[in-house]
Structures are given as structure tokens and as C-alpha cells.
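Asker: One structure, pasted below without further comment.
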Amino acid sequence: MLKIFSALFAFGFVFTVPLSAATAETKTAPETDGCLIDTDSDGIVDKVIAVRTDGEAREAISGKLWKQNRKAVFEFKLPEVDKPVKKATLKLFLNGKFGCHPDKEGASGPETDLYYYLSPEADGKIELVDDNGVKLGAALPGKPVESVRKAITIDVTGAVQEAAAAKSPWIGFRLEAAPSAADGTGWRWRTAEFAEANGKQFCPTLTVVTE
Ligand SMILES: [Ca+2]
Ligand SMILES: [Ca+2]
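Pasting the structure below:
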């Protein structure tokens, strides 16, 4: 039963908790997650790794590594909301001891930005066209790994409100190193597949609170 629950959660299982007569909170796991990679650093992504289908190691890396630029992508089916969205947050977890590649003391991960995009590019599949959308803000600073918490919650209220207004059935979030970030490091993000194998408490989660 536990296994079935975990699988459902990882495949986009949605549950809603009434917080009060007027407020409801919905938590959603990604339908899919993975990486977009610019393999030759010419500024154009040219390779897609969807973690579920390509059997990668259950983490998505964002950063400038191995002379590539890797971006981590998470796509969520939006809950059907008939009330105004009051607040939305994206919770993500870093993987490994320090959450960084290289995963060692004294390293600094890259300053990282969060972008969002709506349908039709957001569609439950990781594709090259998902290198799109609008910058929402900073996700992580370029700080020594010892000072970075491994559970990261980002306010995405504006993005989800825009998605609701546009009646977009999906929303995608993409993490990528800031243009000014140095080469050589990346952040290691746990995926829904990681959570499926290691515990649903680690699942990337989009929480939407409606009025
Ligand atoms: Ca390229
Ligand atoms: Ca997509």
C-alpha cells in the first residue's frame, strides 16, 4: 500500500486539505522532471534528459559543468482552482551531502535563478522548448555549501496566479545558473523519482493555497 501511495504521489497525485471554511491547500508532485543541456555552451539547449524515461540517477543538476550548461526542469499539472490563488510555494530538496557538485566542503554552488513557463510548453513532458518563459527571481545564492539549507522553499505566488488567469493546465519551473555564475559547479536537485525510491518527504512539491 505504501508503495502504491508513493507511486501515485510521484506520478502527479494531488491532494487537497481544507484549512478553514474559506481556504484550501493543494499539494502536487511533478508529472515529470529532468534536465535541459546545452552540450556545447553556444547558448542553445540541444539535449533533453527526462529522468523517468532515460534512467538518469534520480537527480537533476543545474549549473555550468563539464563545459555544458545544465538546467533542471520540473513540470506540474496545476490543480483546478475555482477560487483566487492566495499563495503558492515550490519546495525542492538538494541531494548529496552538501547538495552541490562537486559535493565537498568548501565548494560554492552557482548563483541560480528560477524561471517559470506555462502551456503549451508546459505539458508534462521535458522538451527543448521548455527553455522558455519568464524569470521569477533568485533561487539560490552562490554561497559556500555549508551555509545552504537543503530544503528550499520559494514563493511562486505570482507565477501560479498568472497560470490561473491564463487557464494554463500546466506550469513548469526551471532552475539555471545565473549568466554571471562561474563555471565548474552545479546544484543537485532531488526529483520525484528520487522521492519514489527514498521517501515521499523528499518529493518536489508545489503547494497552492486558495481563498
Ligand atoms: Ca548548444
Ligand atoms: Ca514541456
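Sequence positions in the sequence shown follow mature numbering (1 follows the signal peptide of the UniProt record, and there is no 0) and run -21 to -1, 1 to 190.
Note that the Cβ used here is the ideal one computed from N, Cα and C, for glycine as well.
1) Assess, as a yes-or-no matter, whether the stretch 6 to 17 is touched by the stretch 38 to 45 under the definition of 3 or more beta carbon pairs within less than 8 angstroms.
2) Can you list, in chain order, the residues of its chain whose CB lies under 6 angstroms from that of S77, leaving out five sequence neighbours each side?
3) Measuring only the C-alpha atoms, how far is M(-21) from E172?
4) Please determine, among V188, P158 and D82, the residue with the shortest C-alpha to C-alpha distance to D21.
5) Can you find at least 3 beta carbon pairs, one from the stretch 174 to 189 and one from the stretch 77 to 91, that sit closer than 8 angstroms?
6) Provide the residue(s) that pair with T68 in DSSP beta bridges, ordered along the chain.
7) Closest by CA to D134, which one among K66, W166, E190 and P58?
8) Counting by C-beta, which residues lie closer than 5 angstroms to a heavy atom of ligand 2, in chain order?
9) So A101 and I150 are in contact, right, with Cβ under 8 angstroms, and what is the actual spacing, rounded?
Answerer: Reading off the structure:
1) yes
2) Correcting the residue identity first, residue 77 is Phe in this sequence and not Ser. Same-chain partners within the cutoff: V124.
3) Low local confidence applies: a pLDDT of 35 at M(-21) is under 50, so the model's placement there is unreliable, with the coordinate-based value given in what follows. Approximately 18 angstroms between the Cα atoms of the pair.
4) P158
5) no
6) D134 and T186
7) K66
8) D102, K104, E106 and D109
9) 5 angstroms
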